[in-house]
Every structure is written in C-alpha cells, then in structure tokens.
Amino acid sequence: MMGHPSPWQVELSKGFRDRLAMLAVLGLESDLALKPSLTRESTGKERTETNTRPFPLLAPRGYVARMRKGDPRDPLLRQVLPIAEEDMISPGYGKDPLDECHAFRVPGVLQKYEGRLLLMPTSACGIHCRYCFRRHFPYENGRDDRKIESRNEDELSVRSFGMALAYIRQDATIAEVILSGGDPLCLSDEKLASLVKGIAAIPHVRRLRIHTRMPIVLPERVNEVLLACLAETGPRRIMVLHANHPNEIDDRVERALTFLRMAGITLLNQSVLLRGVNDNEDTLVLLSERLFTAGVLPYYLHLLDPVHGTAHFAVEQQRMREIMMGLRSRLPGYLVPRSVREVAGTGYKIPV
Numbered sequence: 001m002m003g004h005p006s007p008w009q010v011e012l013s014k015g016f017r018d019r020l021a022m023l024a025v026l027g028l029e030s031d032l033a034l035k036p037s038l039t040r041e042s043t044g045k046e047r048t049e050t051n052t053r054p055f056p057l058l059a060p061r062g063y064v065a066r067m068r069k070g071d072p073r074d075p076l077l078r079q080v081l082p083i084a085e086e087d088m089i090s091p092g093y094g095k096d097p098l099d100e101c102h103a104f105r106v107p108g109v110l111q112k113y114e115g116r117l118l119l120m121p122t123s124a125c126g127i128h129c130r131y132c133f134r135r136h137f138p139y140e141n142g143r144d145d146r147k148i149e150s151r152n153e154d155e156l157s158v159r160s161f162g163m164a165l166a167y168i169r170q171d172a173t174i175a176e177v178i179l180s181g182g183d184p185l186c187l188s189d190e191k192l193a194s195l196v197k198g199i200a201a202i203p204h205v206r207r208l209r210i211h212t213r214m215p216i217v218l219p220e221r222v223n224e225v226l227l228a229c230l231a232e233t234g235p236r237r238i239m240v241l242h243a244n245h246p247n248e249i250d251d252r253v254e255r256a257l258t259f260l261r262m263a264g265i266t267l268l269n270q271s272v273l274l275r276g277v278n279d280n281e282d283t284l285v286l287l288s289e290r291l292f293t294a295g296v297l298p299y300y301l302h303l304l305d306p307v308h309g310t311a312h313f314a315v316e317q318q319r320m321r322e323i324m325m326g327l328r329s330r331l332p333g334y335l336v337p338r339s340v341r342e343v344a345g346t347g348y349k350i351p352v
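Numbering-wise, the sequence shown is residues 1 to 352 according to full-length UniProt numbering.
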C-alpha cells in the first residue's frame, strides 16, 4: 500500500508546468511564451524544426518566487522559460554531444571515467533547465526493464538497481560512484536510502558523489530522512550542487545547505556559463561569495555542452578566459571555480 507523499513531493507536484500561468504570476506578457520558429535547410527552403522531442516547462513555485516580477530578462527566468530559439538548428549541436549513449554498461550505468562510474537511478528532475545537456537523452535505451515491472517510468526497477550494484561489486577498480540523472534526489526517501545503503556495502567504493540541483531549486527536499541517510558511516559523501546565479541562493536554500554540511557532507558547486544569465565577472564573484557563506566551495565553471536547442546560451571560449582572469584578480584562489569543457571520448574535463 502506497504511503502519503512527503512534503517535498507535494511541493514539487505544485510546480509550474504551464508557461502562461507562470508568466501571469510574474506579471509578464503572454507573448514571451514559445512560438514555432522556422529554420533553413541547405536547400534554402524554410521548414519547422521537427526532430526534437518535447522538453516541457517545469519550475518549482519557490524557485519562481525568487525571480524579479515584471522583468523578462530575469536570469532565473531565462534558465527555465522555453523560447523560440530552442527550435533553431545550429551547426555543431546535437542530441548527444558527449556521446554518452555508447557509455552504457548495464541499465542505468554509464562508465566514462577511470575508477568512477555514473549511476542514473531516475530521469526525473525537480526543474527543467533549458540548457540541460541531457534534454534529449534516451534514458530508455539504457534500460531493459520497461515492460518487466509495473513502476514509475522515470526510475530504474528493483531488478535494474540490482544489476547496477552487481556491476559495481565485480569491478574493484571503481572507487567512486556518482549518482546522476535526472536528479537522484527526485527518488523517494525510501528508494534513495536503499540505494545508498547498497552502495555503502561495497568495500572498494570509497566515495559516493551525488550530483543534484534539488537543494537549490527545492530546499524542502533536505529533510530529516535524507540527512540521516547521508550521515551514516561508509564511503565519504560528496554533494555537487548546481547553482548558476547568486539569486538562486536565498535564506531557505542557505539553511538547507547548512543542514547538509552539519551532516558531514562535503559540498561543492558546479555552474554552466550561460549567456544572459551569468556571463560577467560581477555575477560570478557574488555567486562564489554566497556559496562560500553557505559552506559550499566553487568547483567547476562549465562551458556549455553543445546540445541541440541551447545555442542561444553559448559563450565563446575567449570570453570565458577573460571572465576567469577577472575572477582570479578579485577572489582568493579557493573561491575561483575551474573553467572546463567536456569533450566526447575524453576521460577528464579539459581546462579552458
């Protein structure tokens, strides 16, 4: 028998999924809503782009509340509002820019790096970021269980969880398991606790890293059950958060991060350099300062991954280098994130 949803699940279910409703709350005109756009093929004929899968709006109400009302250029709004430019075809952009589809080992497991692997227990997220490099990712291609069990289609089945843990057990070179997705904190408290317990029981796993945006966009997710789960003994717990702009960090987020830190979790942050969001020194300096106040160390500043539908966010590498020079002159070294880009087929992030 299904139990009652947790308060954070209730809050997530109330998130905005309709553009017009969100724009109305923000006091913005409805013409900011997505309209079909036309692209040109090499023949010169115009056509509507049709080779993309829908990537619907999803934004928690608490996250939208941090946006400036009446400002169509708000940096938080820009991260979640679908716009016409997403339909444009851009040379060099594709659906799987990091060639991750060839890295599947067993359902839900990607192995891209030596000594580490990615375990993707769910394709669900608490927010749909328009620049997401997995916005077209075929999660179902890495699963063999879609018709085996009646379950939440976003999540791996119990059988696939078992296969993933067995794969980790048989490879003693795996020292670090990275929970990714989707967002692993979209799993229920019970499922996440079971998964963490299973990983912690594998002797050669020394580190468990969780990549998540949930404490930033839905701080209610940091509840007592989660904290107890992550505070247990076993592999060292690291949480890599994803904040792109200082306005994302309000008092509730800072409080949630404090609880995580008190539970003994190492907190790092990675950002993506996004045109119109954070592509200037002042914004990134303030972001680093606010992160550190909340007990989080800046980790990476990523160049945008060239996934189809995101070219309007792209910042040139030279501009990134200029921004980084400014950050180094204004911040102590421990508050300067490493500027990197990821290239398909390489086993590490490439410095920019």
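From the three backbone atoms N, C-alpha and C, an ideal C-beta is built for every residue, glycine too. Source: prediction; values computed, not measured.
*Do the stretch 266-286 and the stretch 229-246 meet, that is, are 3 or more Cβ pairs less than 8 Å apart?*
yes
*Ordered list of beta strand (DSSP E) runs contained in the stretch 185-239, each at least 3 residues*: 207-211
*Can you name, in chain order, every residue of its own chain whose Cβ lies under 7 Å from the Cβ of Pro56, other than the five neighbours on each side?*
Arg17, His128
*For the alpha helix (DSSP H) containing Leu287, list its first residue and its last residue.*
281-293
_When Leu28, Asn280, Pro60, Leu20 are compared against Asp10, the one with the closest alpha-carbon_ = Going by the sequence as given, residue 10 is Val instead of Asp. That would be Pro60, whose Cα lies nearest to the Cα of Val10.
*DSSP state of Asn247 mapped onto helix, strand, coil*: helix
*Could you name the residues of the same chain whose beta carbon sits closer than 7 Å to that of Leu327, not counting the 5 residues immediately before and after it, in chain order?*
Glu281, Leu284, Val285, Val336
*Does Ala65 have its Cβ less than 9 Å from a Cβ in chain D?*
This model lacks chain D altogether; it includes just one protein chain.
*asked:* Assuming the contact rule is C-beta atoms closer than 8 Å, Gln317 and Val277 should be a hit. Round their C-beta distance to whole Å, please.
replied: With a Cβ gap of about 17 Å, Gln317 and Val277 do not count as contacting.
*Go ahead and pull the three-state DSSP assignment for Thr258.*
helix
*With a cut-off of 8 Å, do at least 3 Cβ pairs link the stretch 119-134 to the stretch 65-74?*
no
*Tell me, which residues are paired with Asn278 by DSSP?*
BP columns for Asn278 are empty, so no partner.
_Alpha-carbon to alpha-carbon, Gly108 and Ile148_ = With a pLDDT of 35 at Ile148, under the threshold of 50, the modelled position of that residue is not reliable, and the figure given next carries that caveat. Approximately 15 Å between the Cα atoms of the pair.
*Which partner residues of Ile350 appear in the DSSP bridge assignment?*
Arg341
*asked:* Comparing C-alpha positions only, which one of Lys349, Arg221, Leu291, Asp31 sits nearest to Ser13?
replied: Arg221
*Outcome for Val253 when other beta-carbon atoms lying within 10 angstroms are tallied against a minimum of 16*: buried
*Determine the direct distance from the alpha carbon of Thr173 to that of Thr50, and round the result to whole angstroms.*
At Thr50 the pLDDT is 37, less than 50, meaning the model places this residue with poor confidence; the figure from the coordinates comes in the next sentence. Rounded to whole angstroms, Thr50 to Thr173 spans 43 Å at the Cα level.
*Minimum C-alpha distance to Tyr93 - residue among Ile350, Ala344, Lys349, Tyr348*: Ala344
*What first and last residue would you give for the alpha helix (DSSP H) that runs through Arg116?*
Segment 116-119 is the beta strand (DSSP E) holding Arg116; no alpha helix (DSSP H) there.
*Exposure label - Leu179; buried when at least 16 CB within 10 Å*: buried
*Report the partner residues of Tyr113 according to the DSSP bridge assignment.*
Arg116
*asked:* So for Phe161, helix, strand or coil by DSSP?
replied: helix
*Between the Cα of Arg261 and the Cα atoms of Asp154, Leu226, Ser123, which residue gives the shortest distance?*
Leu226
*Run of the beta strand (DSSP E) containing Leu303, from where it starts to where it stops*: Unbroken run through Leu303: none, as it is neither H nor E.
*For Gly333, count neighbouring C-beta atoms within 10 Å of its own C-beta (all shown protein chains included) and say buried if the count is 16 or more, exposed if not.*
exposed
*Cα-Cα, which of Leu218, Ala228, Val272 is closest to Ser194?*
Ala228
*When we look at the beta-carbon of His211 and count the other beta-carbons within 10 Å, is it buried (16 or more) or exposed?*
buried
*Taking C-beta to C-beta, are His204 and Ala164 nearer than 9 Å?*
no
_Under the three-state DSSP convention, the category Ile170 falls into_ = Sequence check: residue 170 is Gln here, not Ile. If DSSP states are grouped into helix, strand and coil, Gln170 belongs with coil.
*Neighbourhood of Arg338 by C-beta, 8 Å cutoff - its chain only, sequence neighbours within 5 removed*: Tyr299, Tyr300, Leu301, Lys349, Pro351
*DSSP beta-bridge partners for Gly94?*
Val307
*Enumerate in chain order the residues of its own chain whose CB-to-CB distance from Asp189 is below 8 Å, with the five nearest sequence positions on each side excluded.*
Ser6, Asn223, Val225, Leu226, Cys229
*From which residue to which residue does the alpha helix (DSSP H) around Val64 run?*
61-64
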